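Structure record follows, encoded as structure tokens.
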Amino acid sequence: MPRLEYRGQSIEARPGESVLDACLRQGVNLPFSCRGGSCHSCVCRSHDPVPDRARRGLRPDLAAKGYFLPCVCVPESDLRFEPPRADDMTVRAVLQAREWLSPDVCSVRLETFTQFDYRPGQHVTIRRDALRARCYSIAGHPMQTPWLELHVKRIPGGAVGEWLCETLAVGEELELLGPDGEFVYAPSHLEQPLLLVATGTGLAPALGVVRDALEHGHRGPIHLYLGARHAEGLYQDDALRALSAAHPNLHYRPCLSSLARDEGDIRAGRAHTVAAKDLSDLTGWRVHLAGLPAMVSAASALFRARGVVESDLVVDPFEAPAAHPVADAIAAHIVEAAAPPSEEVPQPVPDPELWAALGEGGLLLPILETFYAQVFEDPLLSPYFHGSTRQRAIEKVYSFLHQVLTGKKVYFGDRPRNAHHWMTISNQLFDYREDMFFAVVRRYGLAEPMIERWRAMQARYRPDIVKSAPWPKIVHGEALPLDGFGTMIIDVGSVCDGCSGEIHPGETVRYHLRLGSTYCPGCAESTVPSAASSVG
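In the numbering used here, the protein residues as written are 545 to 1080.
What follows is the structure in structure tokens.
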């Protein structure tokens, strides 16, 4: 059997067992979330060859340096590995210049020391120190400028934004991670009409997409609706007017929600509602939405009703910043722990009409049965149900939706924030799951207005589910340990989750704090210190 060596410990891997499972079975604590190669939380660096599957999805430069994913790595021979190196994960850059675009938005220009390949509209994570990091979208284009252009909103007391805008001196160095994100132009559809709606600094990724479309010679119409409350929020108005004047197929529409009526070409109202009035039929359009999560959610529902299909809807909701600790073990933007939002999403108002449309639950059950049959076979979603059963998932979601839609107290499990606290889930994965779910719902004949109400209700929970790193579970106001192991003497016999052997009453077992997996003394003894280890 392969022997694993990690931080001075020798670990025995059983046939067919992944590196992560071998470590967990023997009490070696590795960061992880999805257990299926999707989130990259567990990435490590190997000194020995690993199977090709263990490197799929990693950046080419990381794969070339020996990085791999322990959760999908079934070792074929002995393997020495270590945590990721911060220098490999981060890119060094220098602050080249900055310019205030409005009283609270600053254009920050960074120049990287090494080649930095990105697509306009993606984002980077700026790392101030081991405890403070924030994501910022790239507004520039690599073919037009040699630097990275970020639009940073200054928030008084902000952990990173204020530092970037005011404290960091021009010429000083900083670290960034990335690029990441799918908010990008699709160059294969040069004739397709494009609609972009942005609020606040959501303009940065939207502008990146516009610039990329023009760079590729996009021939279809491009409509950009920029929303703000007051005029100073239209912080690139002159530049956007000039860009629109230079490109006949680009139509810029500034919108102010504080106006009672249009003033010249500045439209009164919220950007997405103005766009919906102007463009009543969006069949065949590709739509990009960036900015406040409430706008993104409302606009998504509005534009779907006007014909936009899921594959042509690209979103980038700007969540309120949270303090994301960045440890030296970070990998591809994944941190070891993160703080959840300060306020949990409140329970929505019951919707008895939707519950009635679902046959008082009679239609909901077959919908969930069909959906979870797909989920448990899906390569992106199934890893999050490791160790769980399909029936258990169906029962929990049925009870939760029963309570949400009727207001009856029938669900006794965790609310979404705690239920998903350990899952690293991106906005793209959240949308992927929602698209799959409502495709199933449509097959059961639920009316489209009801589907939109249901989708809007579930979208409310996005801030409690989407995260770049696991959150600790909060119980009675206290944060529980996110990972690690405990020991206890069991009073009742059980079965070991590592070897399936019998555990007798009175034996001391090891258990994983998050998973609850229990391991017998035999599995615990499989891990021994390795005096000859060269892995630090």
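Every residue gets a Cβ at the ideal spot worked out from N, C-alpha and C, and that includes glycine.
For clarity, every value in this text was computed on a predicted model and none was experimentally measured.
Cutoff 7 Å; reference residue i; Cβ partners in own chain excluding five residues on either side
i: Val1036; result: Pro1049
i: Lys697; result: Asp648, Val649, Gly705, Gly744 and Thr745
i: Ser1038; result: Ile1047 and Thr1062
i: Glu735; result: Arg763 and Gly764
i: Asp806; result: Ala812
i: Ile1009; result: Pro960, His964, Ile969 and Phe974
i: Val941; result: Leu912
Cβ separation of residue i and residue j, assumed to be a contact under 8 Å, to the nearest whole Å
i: Leu778; j: Pro798; result: 5 Å
i: Leu564; j: Cys583; result: Leu564 to Cys583, Cβ: 12 Å. No contact.
i: Leu739; j: His767; result: 5 Å
i: Leu645; j: Pro614; result: About 44 Å separates the two Cβ atoms, so there is no contact after all.
i: Ser802; j: Arg773; result: 5 Å
i: Pro837; j: Arg1006; result: 6 Å
i: Ser844; j: Leu857; result: 6 Å
i: Phe727; j: His832; result: 7 Å
i: Leu487; j: Ile938; result: Not covered by the structure: residue 487. The range shown for the chain is 545 to 1080.
i: Trp691; j: Glu719; result: Wrong, their Cβ atoms sit about 16 Å apart, outside the cutoff.
i: Glu626; j: Arg589; result: 5 Å
Span of the alpha helix (DSSP H), counted from its first residue to its last, around residue i
i: Asp1032; result: At residue 1032 the sequence reads Met, which differs from the Asp that was named. Per DSSP, Met1032 belongs to no alpha helix (DSSP H); it is in the beta strand (DSSP E), Phe1029 to Ile1033.
i: Ile938; result: Arg934 to Thr950
i: Gln1002; result: Glu992 to Ala1003
i: Gln918; result: Leu908 to Val919
i: His816; result: Ala815 to Asp822
i: Gly851; result: First-last for Gly851: undefined, no H or E at that position.
i: Val754; result: Leu747 to Glu759
i: Tyr568; result: A small fix is needed here, since residue 568 is Leu in this sequence, not Tyr. Its alpha helix (DSSP H) spans residues Val563 to Arg569.
Cross-strand partners of residue i (DSSP beta bridge)
i: Val741; result: Tyr769 and Leu833
i: His695; result: Ser651
i: Lys1011; result: Ile969
i: Cys679; result: Thr669
i: Leu548; result: Ile555 and Leu623
i: His1056; result: Phe1029
i: Phe612; result: Cys588
i: Tyr1063; result: Arg1054
i: Arg811; result: Cys799
i: Glu1046; result: Val1039
i: Thr656; result: Ala637
Close Cβ partners of residue i (< 8 Å) along its chain, the five nearest in sequence each way excluded
i: Glu561; result: Arg569 and Val618
i: Glu1051; result: Ile1033, Ile1034, Cys1064 and Pro1065
i: His685; result: Pro664, Gly752, Arg755, Asp756 and Glu759
Within 8 Å, strictly: CB atoms of residue i and residue j
i: Ile995; j: Val984; result: no
i: Leu499; j: Ile670; result: Since the first residue of the chain shown is 545 and the last is 1080, residue 499 is not available in this structure.
i: Gly771; j: Arg814; result: yes
i: Ala834; j: Gly746; result: yes
i: Gly581; j: Val616; result: yes
i: Phe915; j: Phe929; result: no
i: Gly715; j: Gln666; result: no
i: Arg642; j: Pro927; result: no
i: Pro1014; j: Thr968; result: yes
i: Val594; j: Phe576; result: no
i: Arg987; j: Leu925; result: no
i: Tyr769; j: Leu784; result: no
i: Met980; j: Gln935; result: no
i: Asp860; j: Ser651; result: no
i: Pro892; j: Val948; result: yes
i: Arg629; j: Glu717; result: no
Residue span of the beta strand (DSSP E) that contains residue i, given as start and end
i: Ser788; result: No beta strand (DSSP E) contains Ser788, which is instead part of the alpha helix (DSSP H) from Asp781 to Ala790.
i: Cys799; result: Leu794 to Leu800
i: Ala637; result: Val635 to Ser646
i: Pro861; result: Leu857 to Pro861
i: Pro723; result: Glu717 to Asp724
i: Asp673; result: His667 to Asp673
i: Cys588; result: Cys588 to Ser590
i: Val1036; result: Run containing Val1036: none; DSSP gives neither H nor E here.
Neighbourhood of residue i by C-beta distance below 6 Å, restricted to the same chain and skipping five residues each side
i: His591; result: Arg624
i: Asn962; result: Lys1017
i: Ala683; result: Glu693, His695, Ala748, Leu751 and Gly752
i: Arg830; result: Gln736, Leu738 and Asp856
i: Gln1002; result: none
i: Ser788; result: Leu794 and Tyr796
i: Arg676; result: Ala703 and Val704
Any chain B beta carbon closer than 8 Å to residue i
i: Pro1049; result: As a matter of chain content, chain B is missing from the structure shown, which is built from one protein chain.
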